[in-house]
Amino acid sequence: MTERITGHTELIGLIAYPIRHSSSPAMHNEAFAKLGLDYAYLAFEVGNEELEDTIKGFRAMKVRGANVSMPNKTVVHKYLDKLSEAAELCGSVNTIVNDNGVLTGHVTDGIGYMQSLKDNDIDVIGKKMTIVGAGGAATAIQVQAALDGVAEISIFNNKDKFFERAKKTVKDINERTKCKAKLYDLADLDKLKEEIADSYLFANATGVGMKPLEGKTYIPDKSFLRPDLIVTDTVYAPRETVLLKMAKEVGCKKTMNGLGMMLFQGAAAFKLWTGKNMPIEHMKKVLDIEY
Ligand code: NAD
1 MTERITGHTE LIGLIAYPIR HSSSPAMHNE AFAKLGLDYA YLAFEVGNEE LEDTIKGFRA
61 MKVRGANVSM PNKTVVHKYL DKLSEAAELC GSVNTIVNDN GVLTGHVTDG IGYMQSLKDN
121 DIDVIGKKMT IVGAGGAATA IQVQAALDGV AEISIFNNKD KFFERAKKTV KDINERTKCK
181 AKLYDLADLD KLKEEIADSY LFANATGVGM KPLEGKTYIP DKSFLRPDLI VTDTVYAPRE
241 TVLLKMAKEV GCKKTMNGLG MMLFQGAAAF KLWTGKNMPI EHMKKVLDIE Y
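Under the UniProt record's numbering, the residue at position 127 of the sequence shown is numbered 127, and the numbers go up by one with no gaps.
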């Protein structure tokens, strides 16, 4: 008889709606099994209405932790005891850790992005990056990059509902870290070209490039890129967006899609719950991650 689930097995939950499509349960359960750790990771379809009761239930049942995705990421902090600095600055939580009844909210997306750069031998610390986006992924990257020691961040976004969030991010980064952040309207393409020109790295952190915007980019032509520029995309489906294809054609020295960010945000949460390093090379093989 298999001993995979026992009376001692600790639960890690994933709370979001919809969530059945998520690859996180497969990723974490594979990593637990590989390391022989007595945890099980299960997804629960939970929206904002059931969120408070779910967190109360997790507390009552002494559940070790959880991942949180939409629509709960920006709401769940209300029911927690503490927040990491990055979660506080982002106004968003994707990981909860329960330490003897004290529930702390973390955001690991930015950690995941920064770790995926390191994994690719890309060192952006002390340098300048230009990034497009002001949503959940972009904010997490900008905050973590600033906390980790990126010197300058130029942020571009359309003047849509996310623009106000970007203003707050820029203010927080400038007030609370040594990084210098600036915000520009993405409609100003001359400015975008100018800011990319003296950046070490350019990042897309919008959904442009994936469905329903697959096959699109806001970069008008290849003159925006150059061979010694590093170009990254948070999108991983498709694995090669139009932006990354363009960067390869220009001969950009390194390009990176969002698969590494996805893997390493999971690895950061895994470490918070278990104290162990996720078996990264094994997970890359299992998840067919090449970036
Ligand atoms: P979000 O909805 O919070 O933010 C959307 C962002 O896209 C905003 O900045 C918005 O202004 C911008 N945007 C939307 N339409 C645009 C357009 N036509 N032109 C220019 N900008 C446009 O989304 P999110 O959660 O931040 O996700 C953004 C992307 O990052 C998605 O592709 C998502 O799949 C990806 N993502 C990847 C990971 C990972 O681990 N690799 C994690 C989270 C998100």
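Heads up, the beta-carbon is just placed ideally off N, CA and C, and yes, glycines get one too.
Per DSSP, what kind of secondary structure is residue i in: helix, strand or coil?
i: Phe162; result: coil
i: Thr130; result: strand
i: Asn257; result: coil
i: His8; result: coil
i: Gly209; result: strand
i: Ile120; result: Residue identity check: residue 120 is Asn in the sequence provided, not Ile. Looking at Asn120 - three-state DSSP - the assignment turns out to be coil, as it is neither helix nor strand.
i: Lys82; result: strand
i: Ser223; result: helix
i: Lys180; result: strand
i: Asn174; result: helix
i: Tyr291; result: coil
i: Ala66; result: strand
i: Asp190; result: helix
i: Gly3; result: Residue identity check: residue 3 is Glu in the sequence provided, not Gly. Reduced to three states, the DSSP call for Glu3 is coil.
i: Ala43; result: strand
i: Asn94; result: coil
i: Asn204; result: strand
i: Ala237; result: coil
i: Gly13; result: strand
i: Val107; result: coil
i: Thr74; result: coil
i: Ile125; result: coil
i: Lys276; result: coil
i: Gly57; result: helix
i: Asp38; result: coil
i: Asp148; result: helix
i: Gly135; result: coil
i: Gly251; result: coil
Given a threshold of 16 other Cβ atoms within 10 Å of its Cβ, counted over all protein chains shown, does residue i qualify as buried or as exposed?
i: Asn277; result: exposed
i: Lys73; result: buried
i: Asn100; result: exposed
i: Met129; result: buried
i: Val102; result: exposed
i: His282; result: exposed
i: Asn257; result: buried
i: Asn98; result: buried
i: Ala33; result: exposed
i: Thr6; result: exposed
i: Asp233; result: buried
i: Ile125; result: exposed
i: Glu164; result: exposed
i: Asn67; result: buried
i: Gly260; result: buried
i: Met27; result: buried
i: Asp172; result: buried
i: Ser24; result: buried
i: Thr177; result: buried
i: His21; result: exposed
i: Glu175; result: exposed
In the DSSP output, which residue or residues are listed as bridge partners for residue i?
i: His21; result: Paired residues: none, contrary to the question.
i: Ser154; result: Thr130 and Lys182
i: Val102; result: Asp99
i: Thr232; result: Ala203 and Met256
i: residue 292; result: Since the first residue shown for the chain is 1 and the last is 291, residue 292 is missing from the structure and cannot be characterised.
Using 8 Å for Cβ pairs, my map puts residue i next to residue j. What's the rounded Cβ distance?
i: Val235; j: Phe202; result: Their Cβ separation, rounded to whole angstroms, is 14 Å, which puts Val235 and Phe202 out of contact at 8 Å.
i: Leu186; j: Val143; result: So it is not a contact: roughly 20 Å between Cβ atoms.
i: Leu263; j: Lys245; result: The pair is not a contact, with the Cβ atoms about 22 Å apart (cut-off 8 Å).
i: Thr217; j: Val242; result: 5 Å
i: Asp109; j: Ala140; result: 4 Å
i: Ile155; j: Ala166; result: 6 Å
i: Leu11; j: Arg64; result: 7 Å
i: Ile131; j: Ile153; result: 6 Å
i: Ile55; j: Tyr17; result: Wrong, their Cβ atoms sit about 15 Å apart, outside the cutoff.
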